[in-house]
Every structure is written in C-alpha cells, then in structure tokens.
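Structure first, then comments.
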Amino acid sequence: MLTVAPDIDVLARFGRALADPIRCRLLLALRAAPAYPSDLAEALGISRSRLSNHLACLRDCGLVVTVPDGRRTRYELADERLGAALDHLRAAVVAVESDRTCPDAGTDGCC
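Residue numbers for the sequence shown follow the working numbering, so the first one is 896 and each next one is one higher.
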C-alpha cells in the first residue's frame, strides 16, 4: 500500500539520491526517457552490477519504478513531476555563484 511520506522524509530521500553523481546521471537519463538497465549501463559506462545497486537505491528512495515489458524490465521516473523538479533544482543551483562551495566541502565531502 502506498502512503504519503512526511515532507522531511521526502526531502531526505531526494537528497540521498542526489548525493551520488552516478545516481544524478541516472535520474537525468530517465528524465529524458524510460530505459532498460543494459542501455543505462552502456550510456553511463558502468558495470551492470554497479548500476543495479544505484537503481535499487533510487527505487528505495521512491524516485524510480520498474515497468515489466515482456521478459525485460524498464525503468522510469516514479512521477513525471520529478523531471521538472530536477530541472528547477539545476536552474537554482546554476544561479549560485560559481566560486562558492559548501563550508564543509573539504571535511565532510559536501558538494
């Protein structure tokens, strides 16, 4: 049964998903179009096992879903509004001064 998560949980899951560059690339690829794991692995230049771990994280975060397609499984964004959210987030981040970084960048791996 699907439930609506509290706002803080939603943002924390979204942040967890965006914390890794490969997951960011996956979300952007799926924003463009649904895709099969083999195509995503090839497009991103990573192994299928590594891809599988990242897709599992995105599924657990509720950002992507699987769609059975015959004997194959296709991945797509869980909600089309996620694509718009990614676009808005990218626009907001791009608007930040380019010489600014997070204060904890050197110690905590931020940014």
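Quick reminder that beta carbons are idealized off the backbone N, C-alpha and C, glycines included. Being a predicted model, the structure only gives us computed values, none of them experimental.
Apart from sequence neighbours up to five positions away, the residues of its chain that approach residue 973 with a beta-carbon distance below 8 angstroms are 957, 958, 959, 960, ordered along the chain.
Using a Cβ distance threshold of 7 angstroms, residue 920 and residue 939 count as a contacting pair. Assignment of residue 975 by DSSP, reduced to helix, strand and coil, places it in the coil class.
Residue 963 sits in a strand when the DSSP states are folded into three classes.
DSSP places residue 930 within a strand segment (E or B) once states are collapsed to three. Here residue 930 is actually not in contact with residue 946; their C-beta atoms are around 11 angstroms apart, not less than 8 angstroms.
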